[in-house]
Amino acid sequence: MLCAGPTAARRAALAALLLCAVPARAAPRGAALRARGGANTPALAAAGALGAAREALSRAPVQKCLELGTIAAFGALTRERLDGRALTDLLLRALVPALVLASLAATEASRDLARYCAAGGALVLWQFAAAHVAARALLGGGGGAARAAARRTASVQLGTMSPAVSSFAFIREFAGTERTGHAALADLPNKAYALLLLPLVLALRAEPAARVAMRARGAHARGALADPLNAAIVAGLALAACGVRLEGLSFVGAAVRSLASAQAPVLFLLVGVRWHVAGARRPLVLALLLARHGLVALGAAAFFRVARVRDESARLAAVLLSQAASSLIALGHIDRAARAGLGYDAELAFEIVALSFPLSIALNAAACVGGARYVANLPAVGGGLLAASAAVHAASRRRINALLL
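In mature numbering (1 follows the signal peptide of the UniProt record, and there is no 0), the protein residues as written are -26 to -1, 1 to 379.
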């Protein structure tokens, strides 16, 4: 002990010196400037702004946006070498079914399930109505087959959302982990609609001749189960009913989770390959999405007033959830309906999904920056989005009409 004493003392002294050396290297610039009475204040302000920018860029949602944007840019650079149709088939035939299976298998009961499901169900109903109003207002009630198919497609695709890809990262970062769980519960009615009810909605809204042909053919259970999306729905419901989670399926569950996690990168790669900024449908799609988000914002403001939601984190989480991008699962259903000749436009559905992601990210970023002030001014936000939609549509009316002749 007597021999160890000096060594321990020397180590403690060395540690103290090292600890003191760290701030001594980091602080002299600002300390010296403050000691001189605030000289070189612009340099301090620039350093503070740079630090704030670095902190903002390090946040998880921002990093995710930059990651997906980089993937889309890579897709645009390799557009001539990649097959967009093959990527679409990969996304809709393999990755989206894996996402469906993983989502359904993760469903479990909770004491908060009924309350949050009721709120999520109200959001689904309002989105469905908002999509119908937006499609009818911007595409009219008459027209030929192309306009009818566009109106039918827009009213279905706009009425869906994909919060797991476009909203949950923002909710987790700015509203908290607990609110992310609540948002996942509120998303269950949306999943039920997209997975179980949407095929029925597509069939009911199909062209009259197509509905007659469907009744004449009848239902073929074996052929329906052979479809990857239907098979994923059935398997996911069976796993949820039996209480079996993907973690309990060993390498099979790991494979499904890997495929499900790949759908966002592949989607943005496909966006880069197939999406053109100056595309012919861009004004129509932008006007439709702005109208949809405007109507949903007005609905969210009314919901907060009726339900008397006071908690700021809950209000922000609900707004971020309502501003989610359009659903990939719905795109899969519409693509299949278009292939079956039911009178839908799969290309328009893809355009809506492709543009909905950057628009959703922009709106969610604005909501997170504005915080309580953004939420309190939702009626003004909704009105502004509707005005922007009307302006885009008015400026591009001739182009849209020529496209839908």
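Every residue gets a Cβ at the ideal spot worked out from N, C-alpha and C, and that includes glycine.
Whole-angstrom distance between L333 and G117, CA atom to CA atom: Answer to the nearest angstrom: the Cα atoms are 29 Å apart.
Straight-line gap, residue 416 to A271 (C-alpha atoms, nearest Å): Outside the modelled stretch of the chain, which goes from -26 to 379, sits residue 416, for which no answer is possible.
Cβ pair count under 8 Å reaching 3, the stretch 306 to 317 against the stretch 124 to 135: Cβ pair count under 8 Å is three or more, so yes.
Endpoints, the alpha helix (DSSP H) within which E286 is located: Looking at the DSSP string, the run of the alpha helix (DSSP H) that includes E286 is E286 to S296.
Limits of the alpha helix (DSSP H) - the one that E181 falls within: For E181, no alpha helix (DSSP H) encloses it, and the DSSP letter there is neither H nor E.
Cβ contact (3+ pairs, closer than 8 Å) linking the stretch 202 to 214 and the stretch 34 to 47: The answer is no - the stretch 34 to 47 does not touch the stretch 202 to 214, with fewer than three Cβ pairs under 8 Å.
Straight-line Cα distance separating A311 from A30: In a straight line, the C-alpha of A30 is about 43 Å away from that of A311.
Minimum C-alpha distance to A369 - residue among A96, S32, A261 and L174: Among A96, S32, A261 and L174, the Cα nearest to that of A369 belongs to A261.
Cβ neighbour criterion (16 or more within 10 Å) applied to L174: L174 comes out exposed.
Distance CB(T134)-CB(S301) smaller than 8 Å: Between T134 and S301, the C-beta gap is smaller than 8 Å, which places the two residues in contact.
Closest by C-alpha distance to L294, when choosing among V343, L65 and V240: Nearest C-alpha to L294: V343.
Candidates G210, A27, L178 and G95: closest to residue 386 by CA position: Past the edges of the chain, shown from -26 to 379, lies residue 386, and the structure says nothing about it.
Close Cβ partners of P137 (< 6 Å) along its chain, the five nearest in sequence each way excluded: Correct list, in chain order: D161, L295 and A298.
Option nearest L40 by Cα separation, candidates A339, A350 and S224: Check the Cα spacing between L40 and each of A339, A350 and S224: the tightest is with A339.
Exposed unless 16 or more other CB atoms sit within 10 angstroms - verdict on E325: Looking at its Cβ environment, which holds 16 or more other Cβ atoms inside 10 Å, E325 is buried.
Collapsed DSSP secondary structure at A193 in the structure displayed: Because A193 sits at a pLDDT of 45, beneath the cut-off of 50, its placement in the model cannot be relied upon, and the point is left open.
Within 8 Å, strictly: CB atoms of N164 and G268: The beta carbons of N164 and G268 sit no closer together than 8 Å.
For F309, three-class secondary structure by DSSP: Phe is not the amino acid found at residue 309; the sequence shown has Asp there. If DSSP states are grouped into helix, strand and coil, D309 belongs with the helices.
Chain D within 8 Å of F225, Cβ atoms only: Among the chains in the structure shown there is no chain D, since it carries only a single protein chain.
At least 3 beta-carbon pairs within less than 8 Å: the stretch 341 to 361 vs the stretch 91 to 105: No, they do not touch.
Three CB pairs or more closer than 8 Å across the stretch 18 to 33 and the stretch 219 to 235: Short answer: they don't touch.
Inter-residue spacing [alpha-carbon to alpha-carbon] between C216 and A80: Cα to Cα, the separation comes out at about 12 Å.
Residues near A190 in its chain [Cβ-Cβ closer than 6 Å; skip 5 each side]: A caution first: A190 carries a pLDDT of 42, below 50, which makes its placement in the model unreliable, though a value can still be read off. In its own chain, leaving out the 5 sequence neighbours on each side, no residue places its CB closer than 6 Å to the CB of A190.
Under 8 Å between C-beta atoms of A275 and P353: Yes; because the gap between Cβ atoms is below 8 Å, this pair is in contact.
Burial state of A281 (16 or more Cβ within 10 Å): A281 is exposed by the Cβ-count criterion.
Segment limits, alpha helix (DSSP H) that includes R55: In the DSSP assignment, R55 falls outside any alpha helix (DSSP H), carrying neither H nor E.
Proximity winner among Y90, L97 and V107, relative to A158 (alpha-carbon distances): Of the listed residues, the one whose Cα sits closest to A158 is Y90.
Cβ distance (whole Å) where L42 is taken to contact V240 below 8 Å: Approximately 11 Å separates the beta-carbon atoms of L42 and V240; this is outside 8 Å, ruling out the contact.
Limits of the alpha helix (DSSP H) - the one that L235 falls within: Checking the sequence, you will find Ser at residue 235 rather than Leu. Annotation for S235: the continuous alpha helix (DSSP H) segment containing it runs S224 to S235.
Local conformation of Y90 per DSSP, three classes: Residue state, collapsed to three classes: helix.
Closest by C-alpha distance to R289, when choosing among V208, L171, G115 and H156: The candidate whose alpha carbon is nearest that of R289 is H156.
Between the CA atoms of V208 and G58 - distance to the nearest angstrom: If I take the Cα positions, the gap works out to 29 Å.
Span separating the alpha-carbon of R371 from that of E147: Across the structure, R371 and E147 are spaced so that their CA atoms are roughly 40 Å apart.
D63, buried or exposed, once every other Cβ within 10 Å from all chains shown has been counted against 16: Exposed, because fewer than 16 other Cβ atoms sit within 10 Å of the Cβ of D63.
Whole-angstrom distance between A143 and V70, CA atom to CA atom: C-alpha of V70 to C-alpha of A143: approximately 19 Å in a straight line.
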